[in-house]
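Trainee: Last residue of the sequence shown? That's 432 in numbering that gives the first Met the number 0, and every number before it is there in order.
From the three backbone atoms N, C-alpha and C, an ideal C-beta is built for every residue, glycine too.
Could you have a look at this structure, given as structure tokens, before my questions?
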Amino acid sequence: MPSRTDSLRRIEPAHGLEGDVAVPGDKSISHRSLLLGALADGRSEIKRFGSSADTTSTASVLRQLGVDARIDGDLATVDGVGVRGLKAPAEALDCGNAGTLLRLISGLLAGQDGSFELIGDESLSGRPVERVATPLREMGARIASTDGYPPVRIEGGSLHPISYELPVASAQVKSSVLLAGLLAEEGPTEVREPRPTRDHTERMLAAAGARISYSPGRASVWPVKTLRPLSFDVPGDFSSAAPFLAVGVLMSGSRIRVHGVGVNPTRTGFLSVLERMGARISVFNRRTVAGEPVADIEVSSSELTATSIGASEVPLLIDELPLFALVAALSHGESTVWGAEELRVKESDRISSTTRALRAIGVRIEERPDGFRVRGVPTRPGGGHIETAGDHRIAMIGALAGLLSRDGVQIEGADWVEVSYPGFFDVLDSLRI
Ligand code: S3P
0 MPSRTDSLRR IEPAHGLEGD VAVPGDKSIS HRSLLLGALA DGRSEIKRFG
50 SSADTTSTAS VLRQLGVDAR IDGDLATVDG VGVRGLKAPA EALDCGNAGT
100 LLRLISGLLA GQDGSFELIG DESLSGRPVE RVATPLREMG ARIASTDGYP
150 PVRIEGGSLH PISYELPVAS AQVKSSVLLA GLLAEEGPTE VREPRPTRDH
200 TERMLAAAGA RISYSPGRAS VWPVKTLRPL SFDVPGDFSS AAPFLAVGVL
250 MSGSRIRVHG VGVNPTRTGF LSVLERMGAR ISVFNRRTVA GEPVADIEVS
300 SSELTATSIG ASEVPLLIDE LPLFALVAAL SHGESTVWGA EELRVKESDR
350 ISSTTRALRA IGVRIEERPD GFRVRGVPTR PGGGHIETAG DHRIAMIGAL
400 AGLLSRDGVQ IEGADWVEVS YPGFFDVLDS LRI
């Protein structure tokens, strides 16, 4: 069977994009809905679920733990087993490519009875786990990594609350500690972050009936005896909407409207950046769905000028920074990103994979230890061959680069988009005028 890494796809130039798009449900929220649904008493029904390779890994790990978790199209159903009801399986739990699953479930397993082993694919096996293991050990968990990486072994047991200052701004680490805090002997378990990160866990814990208090940069949770099952529609994933927003702005003669997108302010840094670069964007039909802000977003082609992104803004658009590099490449002036060393420990080292991908199509981009500098030229790049480094976000910028190029782009490893957005290429193609 050909692997995702070998998959090739050629994207020809487009001359204007137009239409309406509804992106899959948010990946961060979808993972969390399965995990909290598993701990609830009763059946959770999650509609507009973001079905992808990553969230499928979460459902299958939960099944290994004795939870009936099913994904059928965009509906996910979970029969919860109660907060301490996960059962240790004999085999290792395979988290695939999903860093969010690996980090969040470590917190949950630390407070369950039994021994667990967490493994993942090649990329996940190179992602740091001590950032999660350290605070969990402080809570009394017995957890061992393999020189700082998966496989991770956890002996579940009794946990005590901690007050923890995160050394890196990471919603995954924050969430892992909060989930462990649900199972601690007493409360509160408190997490403080150097800069506010996405707060989906906090919002969903409140919806499930947990006692939690939070404000930007800090959250405290108390142990629970039971959680309520969840029933809601997942907002569209801002990170899956972002490529459409970017290409709609960059390509002349375009107008794209993305419907039902999550616009939680901890996620929409890319929108603010586009606006400050001069993009024509309207955000309308604002509403609240499942405690999360949702809106429709329309963009049309605009001339953009360069901007800088620094450490304080980085967590608000962490997954959009490769995309930002492409946008910067087609804007007037020189753009920089700094304070983004976290990009080096994502699905790929995104500072070097982004730099390599864009250089391959003639962009003048310079790699720096904590970000990059891009010399913008607002004309179509020639085209070329982009290698995704096994990273779904690089596959996406490869596709946009192809549409925006003069000669087309060949993407090697194109099928990695399935990690977050199966069907991405078809939706993009349907917008060609
Ligand atoms: C995520 C948090 C971010 C993000 C990842 C999803 C989450 O990671 O990059 O794609 O769902 O909590 P970090 O928290 O490690 O920055």
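Just to confirm, does Thr387 get its C-beta within under 8 Å of one of the non-hydrogen atoms of ligand 1?
Mentor: Thr387 Cβ: outside cutoff for every heavy atom of ligand 1.
Trainee: Tell me the DSSP secondary structure of Gly235 in three-state form.
Mentor: Three-state DSSP puts Gly235 in a strand.
Trainee: What did DSSP end up calling Gln111 once you bin it into helix, strand or coil?
Mentor: DSSP places Gln111 in coil when its eight states are reduced to three.
Trainee: Is the segment 31-40 touching the segment 226-243, taking contact as three or more C-beta pairs under 8 Å?
Mentor: Yes: at least three Cβ pairs fall under 8 Å.
Trainee: Using three-state DSSP, classify Arg431 as helix, strand or coil.
Mentor: Strand, per DSSP.
Trainee: Run through DSSP, which three-state label would Arg83 get?
Mentor: Arg83: coil per DSSP, three-state reduction.
Trainee: Nearest by alpha-carbon distance to Phe237: which of Ala339, Gly41, Arg197 is it?
Mentor: Among Ala339, Gly41, Arg197, the Cα nearest to that of Phe237 is on Arg197.
Trainee: What does DSSP give as the partner residue(s) for Ile396 in the beta ladder?
Mentor: None; Ile396 has no bridge partner.
Trainee: State yes or no: is the C-beta of Ile350 within less than 9 Å of the C-beta of Leu342?
Mentor: Yes, Cβ-Cβ distance for Ile350 and Leu342 is below 9 Å.
Trainee: Pull up the distance between the alpha-carbon of Arg266 and that of Gly139, whole angstroms please.
Mentor: Taking the straight line from one Cα to the other gives about 32 Å.
Trainee: At 3 residues or longer, what runs of the beta strand (DSSP E) sit wholly inside the segment 253-296?
Mentor: List check, beta strand (DSSP E) in window: 254-261, 279-288.
Trainee: Can Ile296 and Val260 be called in contact, C-beta distance under 9 Å?
Mentor: The answer is yes: Cβ separation under 9 Å.
Trainee: Measuring only the C-alpha atoms, how far is Ser330 from Gly247?
Mentor: Distance between the alpha carbons of Ser330 and Gly247: 14 Å.
Trainee: Ligand 1 and Pro314: does any heavy atom of the ligand fall closer than 8 Å to the residue's C-beta?
Mentor: Yes, the beta carbon of Pro314 sits closer than 8 Å to at least one heavy atom of ligand 1.
Trainee: If you draw a straight line from the C-alpha of Ile255 to the C-alpha of Val128, how long is it?
Mentor: If I take the Cα positions, the gap works out to 39 Å.
Trainee: According to DSSP, is Asp40 part of a helix, a strand, or is it coil?
Mentor: In this structure, Asp40 counts as strand in the three-state DSSP scheme.
Trainee: Is Glu417 near ligand 1, with its Cβ less than 8 Å from a heavy atom?
Mentor: No, the beta carbon of Glu417 sits no closer than 8 Å to any heavy atom of ligand 1.
Trainee: Could you please give the first and the last residue of the uninterrupted beta strand (DSSP E) stretch that includes Asp67?
Mentor: Unbroken beta strand (DSSP E) run through Asp67: 67-71.
Trainee: Using a Cβ-based criterion (distance less than 8 Å to any ligand heavy atom), does Thr196 qualify as near ligand 1?
Mentor: Result yes, Cβ under 8 Å from ligand 1.
Trainee: I believe Asp40 touches Leu226 by the beta-carbon criterion, under 8 Å. Please report the beta-carbon distance rounded to the nearest angstrom.
Mentor: Confirmed, about 7 Å.
Trainee: Going by DSSP, what residue range makes up the beta strand (DSSP E) through Gly332?
Mentor: Start and end: 332-336.
Trainee: Nearest by alpha-carbon distance to Ser157: which of Leu303, Leu270, Arg83, Gly370 is it?
Mentor: Closest by alpha carbon: Arg83.
Trainee: Looking only at C-alpha atoms, which of Ala170, Pro187, Arg102, Pro88 sits nearest to Arg193?
Mentor: Per the sequence shown, the amino acid found at residue 193 is Pro instead of Arg. Pro193 has its Cα closest to that of Ala170, out of Ala170, Pro187, Arg102, Pro88.
Trainee: Per DSSP, Glu346 is paired with what?
Mentor: Beta-bridge pairing links Glu346 to no other residue.
Trainee: In the structure shown, what three-state DSSP assignment does Pro49 receive?
Mentor: Note on residue identity: the sequence assigns Gly, not Pro, to residue 49. Three-state DSSP puts Gly49 in coil, outside helix and strand.
Trainee: Just checking Leu310 against ligand 1 - is the residue's beta carbon closer than 8 Å to any of the ligand's heavy atoms?
Mentor: Here the sequence assigns Ala to residue 310, which means Leu is not the residue at that position. Not so, every heavy atom of ligand 1 lies at least 8 Å from the Cβ.
Trainee: Using 8 Å for Cβ pairs, my map puts Val220 next to Val172. What's the rounded Cβ distance?
Mentor: Not really, about 14 Å apart at Cβ, beyond 8 Å.
Trainee: Sorted by chain position, which residues of the same chain lie with C-beta nearer than 7 Å to Ser404's C-beta, five sequence neighbours on each side aside?
Mentor: Once the five neighbours on either side are set aside, the close Cβ partners of Ser404 are Pro12, Ile360, Arg379, Pro380, Gly381, Gly382.
Trainee: Among Val362, Ala37, His14, whose alpha-carbon lies nearest the alpha-carbon of Pro228?
Mentor: For the residues Val362, Ala37, His14, the minimum Cα distance to Pro228 belongs to Ala37.
Trainee: Among Ala91, Leu64, Glu90, Pro88, which has the Cα closest to the Cα of Val80?
Mentor: Selected option, being the one with the closest Cα: Leu64.
Trainee: Assign Asn284 to buried or exposed, taking buried as 16 or more other Cβ atoms, counted over all protein chains shown, within 10 Å of its Cβ.
Mentor: Per the 10 Å Cβ criterion, exposed.
Trainee: Where Ala87 and Gly155 are concerned, what is the direct C-alpha to C-alpha distance, given to the nearest angstrom?
Mentor: Taking the straight line from one Cα to the other gives about 9 Å.
Trainee: For Val272 and Val60, what's the separation of their Cα atoms in angstroms?
Mentor: Approximately 37 Å between the Cα atoms of the pair.
Trainee: Compare the Cα-Cα distances from Val344 to each of Leu430, Val167, Leu135 and report the closest residue.
Mentor: The residue with the shortest Cα to Cα distance from Val344 is Val167.
Trainee: Hey, could you find the ends of the alpha helix (DSSP H) Val176 is sitting in?
Mentor: Element bounds for Val176: 170-181.
Trainee: Kindly indicate the opening and closing residues of the alpha helix (DSSP H) around Pro134.
Mentor: Per DSSP, Pro134 belongs to the alpha helix (DSSP H) from 129-137.
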